[in-house]
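**Q**
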């Protein structure tokens, strides 16, 4: 489904190019649960951003399905971005001014989903993540684990085929982290492609494939 | 989608109460000023558009030319409308208005004692055909076609008879003569250049029986037939002048012409032509219009500045929304909806405020605000337009900046809005440029007003009162004067044809006697007491006396003593010593002997230079007593004068006017301009300082950590103020430079209207700029004090 060929990303500094990603060749098939590991600065987050179409400044080729991203028009890219990707952040990044319900609703609004459909989608998600009682609370009133649950609900609300998670459990204690990973596993079982970046080796065990990165390059690529 | 935008916008606005408050208050104040000015301008533009076929109604004015000097007057002779009606096929109708109030007031008696009335005119029987005002009582056909008939306005009828219907058929005494009320009309609207309380039939006046080509004392109007070419109508009038007046004009060396003025141009047109009601200088309409737009701009700029400064706070939200799939246009919509909500709130609030200020404004500006207009289709259209314009203008730039942020950078909090700062700085410069510019203008106007109040006019205006009297009282005046002097309340009393600050009569010096020059001169008809009463300075020669011959009753070309002022003898080329005893031709006699020279004094508005003046003995022409009060309590002196007046001329109003107050009223419109400028600059400074407060708050917030560290290192509050204010004061410095430029331009062009003007000093500039700078520094100081009070241990820990 996703194919990267010889992908570079660098910053031109005064004297030399500093590579953030170098020579990445990567094929990801639909239905994989892939974990990116590596120390800080290895390029995990940057790679996630490139995959999620949030970063367009790179060299090399990126195809989604059978189409090259670079050959797409801005509008097509934006449509692809909307329909295929969901994001989960380490710092949850919920919108503080919106309630739990409204946070989950936001991506649906941007996808022009009708009001009744929105209601049923959100009702299902709240039910599934046991948040019905918290629907009118604001993010600041929730614990970290609960916030991340909202983050996940928000990410999957638009039914993306690919879920991108950048250190999703980084701010959580181990009990909450395990809970989040079990949800990921369940989503994966239902057919969602998941790509997560993490420091924690135990999180990788929930997935199907592990890639180690160092200094912008892929060091190893193994199935679990 | 929109519901969602609105909900989020509301929540955002509510969350940031301070900034919402600043924006709402600023916009509301700006909108109130704008709408009030718009209503005022609309009122001034709407003059004389209420008559049917107003676009075919013209006033006829007259031009006199002699020696190449042209003089325009807003009136014309009584024979003109009659001739136009009879001989001009293109004239559908013509009417005459004889405004008696420019000569004197009338005494009205409805059986309960007489009252003085000042808005009294005589009109011919065509008046209601040309100006289709409604009659509340009475018949339009044949109205005012007979002598001694009277039409009252509704409020006058109420005043005298309790109601409009009671008045019809009643009789009133006007200056002792019986008049029959044959109709009651609606009050003249405030936006008509006609403003009277009484309309009497012109047939009541002796001049109506034999209309003449001279004098030109009448306001004449024509209604032309549809499709008439105005230029050819004027040239037909030129032929008429040649036909009837050609021979006379050739004899006296005059030329004259009649010209038309559309009735809708009277109010904002040439002020010398608007004789019935003082017009408005169109220059001020433009100035107020520009000021209104500037105030709105300042209010909008507050929003733009605060919203872009806020962008740094909201980048996370923007980034997230983009990651979740928001298009730029969708984000743009959300941010614009915030400014729209604010704009709507401000509009609604300002309508409320306008209802509260309408009455005070009417008292202050003398112009009623037509609030119903706000809810007429045009008003609603205008307010909606204003709402959309303010909302879009305020929201556009910030929304552009906010929606254009790159999501990952925004999320990483690495973003600095570089471009925004540049725009923000220019906008702050603009705001303070406008504030300072307006304040400088205010001070320039004020310094000229002070100059006019304090300038040495060449005569004493303190402790001098003027009493107007009616020509029927002439016989009683000498007794009255003697009694008043004897009472000890008055020191000296002169009879004069005009008040000394406003002498109008135009005469002409012809070559003859010892003088070879020909020029226009102002004539002041007074008795010999004037010199002592207002303390004019005699430079040479002596005053004429009671026993000298007076103008009225002078045999043809009889010898008569006169006084000239310095300007007059300068025109003739004499020194004051040389001039004494010279013989000159002053028009009414070629045997005028120069008896004395008076120092120039300001006998008209300071807009004009002091011109030549001749002072001559003509108590018959006089209609005002100038009275120098004795030292002591003026109220007591006036009381004893009043009792003498009541005793000798009962039934005539005792209405003393202090000369210094009358003088000040010459500059009423300038005073009003000064006040309005002061008000507007106050508003501008207020809005701009509020915006500054908001901006500084943001800067302070962003620099809280830095300030805390400085405090830990030993910075005093002054140091912190310096850190926070330096950037802003730099901007204000730029504003000041621009404002100085504007101020110079303004004072040059505004003061140009005054022949006698104050010397321009640097003080208006220094004071205005310092005042704004100090206010701005206080604003910043208050904010920095709040930051300084924070406990550094706490602020640093949270970082």
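Protein chains in written order, with this note's numbering: chain A, 1482 to 1705; chain B, 208 to 1006. Ideal Cβ placement from N, Cα and C applies to all residues, glycine included. Because the structure is a prediction, the values reported are computed rather than measured.
What span of residues does the alpha helix (DSSP H) with residue 334/B cover, start to end?
**A** Working through the second chain from its first residue, we reach residue 334/B at position 127. Unbroken alpha helix (DSSP H) run through residue 334/B: 334-337.
**Q** Going by C-alpha to C-alpha distance, which of 470/B, 703/B and 932/B sits closest to residue 428/B?
**A** For this step, residue 428/B is matched to residue 221 along the second chain. Of the listed residues, the one whose Cα sits closest to residue 428/B is 470/B.
**Q** Would you say residue 1705/A faces chain B, with C-beta separation under 9 Å as the test?
**A** Residue numbering aside, residue 1705/A sits at position 224 when the first chain is read from its first letter. Closer than 9 Å: no.
**Q** Terminal residues of the continuous beta strand (DSSP E) containing residue 996/B?
**A** Indexing the second chain from 1 puts residue 996/B at position 789. Where residue 996/B is concerned, there is no enclosing beta strand (DSSP E), although the alpha helix (DSSP H) it sits in stretches over 970-996.
**Q** Output the boundary residues of the alpha helix (DSSP H) element that contains residue 689/B.
**A** For this step, residue 689/B is matched to residue 482 along the second chain. It spans 684-694 - the alpha helix (DSSP H) in which residue 689/B sits, taken as one unbroken run.
**Q** In whole angstroms, give me the CA-to-CA distance for residue 662/B and residue 733/B.
**A** Residue numbering aside, residue 662/B sits at position 455 when the second chain is read from its first letter. Residue numbering aside, residue 733/B sits at position 526 when the second chain is read from its first letter. Computed Cα separation, rounded: 24 Å.
**Q** So which residues on chain A does residue 218/B lean against when the C-beta distance must stay under 9 Å?
**A** Along the second chain, one-based indexing puts residue 218/B at 11. Simply 1578 and 1579.
**Q** With respect to the alpha helix (DSSP H) encompassing residue 296/B, which residues constitute its N-terminal and C-terminal limits?
**A** Along the second chain, read from residue 1 onward, the residue named residue 296/B stands at position 89. Note, residue 296/B: premise wrong, no alpha helix (DSSP H); not H, not E.
**Q** Excluding the 5 residues preceding and the 5 following residue 694/B in the sequence, name in chain order all residues of the same chain whose CB lies nearer than 8 Å to its CB.
**A** Residue numbering aside, residue 694/B sits at position 487 when the second chain is read from its first letter. Result list for residue 694/B: 847, 848 and 851, in chain order.
**Q** Can you find the residues in the same chain that come closer than 7 Å, C-beta to C-beta, to residue 865/B, ignoring five residues on each side of it along the sequence?
**A** Locating residue 865/B in the second chain gives position 658, counting from the first residue. Only 672 meet the Cβ criterion.
**Q** Closer than 7 Å, Cβ to Cβ, to anything on chain B: give me those residues from the segment 1554-1578 of chain A, in chain order.
**A** Here the close residues are 1559, 1562, 1563, 1568, 1574, 1576 and 1578.
**Q** Where residue 952/B and residue 910/B are concerned, what is the direct C-alpha to C-alpha distance, given to the nearest angstrom?
**A** Within the second chain, the letter at position 745 stands for residue 952/B. Within the second chain, the letter at position 703 stands for residue 910/B. Their Cα atoms are separated by approximately 40 Å.
**Q** Can you tell me whether DSSP reads residue 796/B as helix, strand or coil?
**A** Residue numbering aside, residue 796/B sits at position 589 when the second chain is read from its first letter. Correct three-state label for residue 796/B: coil.
**Q** Below 8 Å on the Cβ atoms is my contact criterion, and I expect residue 614/B with residue 518/B to pass it. Report the Cβ-Cβ distance as a whole number of Å.
**A** Position 407 of the second chain, counted from the first residue, corresponds to residue 614/B. Position 311 of the second chain, counted from the first residue, corresponds to residue 518/B. Not confirmed; about 14 Å, so no contact.
**Q** Just mark residue 569/B as buried or exposed, buried being the case when its beta carbon has 16 or more other beta carbons within 10 Å.
**A** Taking the first residue of the second chain as position 1, residue 569/B is located at position 362. Residue 569/B is exposed by the Cβ-count criterion.
**Q** Report back the beta-carbon spacing between residue 867/B and residue 665/B to the nearest angstrom; my notes put them in contact at under 8 Å.
**A** Within the second chain, numbered from 1, the residue matching residue 867/B stands at position 660. Within the second chain, numbered from 1, the residue matching residue 665/B stands at position 458. With 8 Å as the limit, residue 867/B and residue 665/B do not qualify as a contact, their Cβ atoms being about 14 Å apart.
**Q** From this set, 361/B, 337/B, 364/B and 333/B, which residue's C-alpha is nearest residue 350/B's C-alpha?
**A** Taking the first residue of the second chain as 1, we reach residue 350/B at position 143. For the residues 361/B, 337/B, 364/B and 333/B, the minimum Cα distance to residue 350/B belongs to 333/B.
**Q** Taking residue 1708/A as the reference, give the member of 1504/A, 1483/A and 1575/A with the closest Cα.
**A** Nothing about residue 1708/A can be reported from this structure: the residues present for chain A run from 1482 to 1705 only.
**Q** Could you tell me the alpha carbon to alpha carbon distance between residue 1608/A and residue 1583/A, rounded to whole angstroms?
**A** Taking the first residue of the first chain as position 1, residue 1608/A is located at position 127. Taking the first residue of the first chain as position 1, residue 1583/A is located at position 102. One C-alpha to the other measures close to 15 Å.
**Q** Can you round the beta-carbon distance between residue 386/B and residue 406/B to whole angstroms, since I take them to be within the 8 Å contact cut?
**A** Position 179 of the second chain, counted from the start, is the residue given in the question as residue 386/B. Position 199 of the second chain, counted from the start, is the residue given in the question as residue 406/B. Actually they do not touch by this definition, with Cβ atoms about 11 Å apart.
**Q** Please report how far the alpha carbon of residue 659/B lies from the alpha carbon of residue 773/B, in whole angstroms.
**A** Here residue 659/B refers to the residue found at position 452 of the second chain. Here residue 773/B refers to the residue found at position 566 of the second chain. Cα to Cα, the separation comes out at about 21 Å.
**Q** Classify residue 1054/B as helix, strand or coil using the three-state DSSP reduction.
**A** Nothing can be reported for residue 1054/B: it is not among the residues displayed for chain B, which extend from 208 to 1006.
**Q** When DSSP builds the beta bridges, which residues end up paired with residue 463/B?
**A** Translated into positions along the second chain, residue 463/B becomes position 256. Looking at the DSSP assignment, residue 463/B forms a beta bridge with 271/B.
**Q** For residue 752/B, is the classification buried or exposed, using 16 other Cβ atoms within 10 angstroms of its Cβ as the cut-off for buried?
**A** Translated into positions along the second chain, residue 752/B becomes position 545. Exposed: under 16 other Cβ atoms inside 10 Å.
**Q** Is residue 1674/A close to chain B, meaning its C-beta is less than 9 Å from at least one C-beta of that chain?
**A** The residue you call residue 1674/A lines up with position 193 of the first chain. Chain B, which has no Cβ nearer than 9 Å to the Cβ of residue 1674/A, makes this no.
**Q** Around the C-beta of residue 294/B, are 16 or more other C-beta atoms found within 10 angstroms, so that it is buried, or is it exposed?
**A** Taking the second chain and counting its residues from 1, one reaches residue 294/B at position 87. Flag for residue 294/B reads exposed.
**Q** Out of 722/B, 374/B, 834/B and 461/B, which one is the CA nearest neighbour of residue 781/B?
**A** As a first step, residue 781/B is located in the second chain; it is residue number 574 there, counting from the start. It is 722/B whose Cα lies nearest to the Cα of residue 781/B.
**Q** Residues of chain A with CB under 7 Å from residue 527/B, in chain order?
**A** As a first step, residue 527/B must be located in the second chain, where it is residue number 320. Per Cβ cutoff of 7 Å: 1574 and 1576.
**Q** Curious, which full-length alpha helix (DSSP H) runs of at least 4 residues does the segment 1593-1654 of chain A contain?
**A** For the segment 1593-1654 of chain A, whole alpha helix (DSSP H) runs of length 4 or above, ordered along the chain, are 1596-1609 and 1625-1638.
**Q** Using CA atoms only, rank isn't needed, just tell me which of 237/B, 894/B and 651/B is closest to residue 959/B.
**A** Locating residue 959/B in the second chain gives position 752, where the first residue counts as 1. When each option's Cα is compared against that of residue 959/B, the closest is 651/B.
**Q** For residue 817/B versus residue 769/B, is the C-beta distance shorter than 9 Å?
**A** By 1-based counting over the second chain, the position of residue 817/B is 610. By 1-based counting over the second chain, the position of residue 769/B is 562. Not a contact, by the Cβ cut-off of 9 Å.
**Q** Whose CA, out of 975/B, 496/B, 668/B and 530/B, lies closest to the CA of residue 244/B?
**A** Numbered from 1 along the second chain, position 37 holds the residue referred to as residue 244/B. Per the Cα distances, 496/B.
**Q** Cutting at 6 Å between CB atoms, please list the residues of its own chain near residue 1703/A, excluding the five before and the five after it.
**A** Within the first chain, the letter at position 222 stands for residue 1703/A. So the list reads 1691, once near-sequence residues are dropped.
**Q** Which one of 420/B, 906/B and 815/B has the shortest CA to CA distance from residue 990/B?
**A** Within the second chain, numbered from 1, the residue matching residue 990/B stands at position 783. Of 420/B, 906/B and 815/B, the residue nearest in Cα terms is 906/B.
**Q** Give, in chain order, every residue of the segment 534-563 of chain B whose Cβ lies closer than 7 Å to some Cβ of chain A.
**A** Of all residues in the segment 534-563 of chain B, 534 and 537 have a Cβ within less than 7 Å of some Cβ in chain A.
**Q** Using a cut-off of 7 Å between C-beta atoms, extract the partners of residue 1507/A located in chain B.
**A** Taking the first chain and counting its residues from 1, the one referred to as residue 1507/A is at position 26. Within chain B, no residue comes near residue 1507/A; the closest Cβ sits about 20 Å away, beyond 7 Å.
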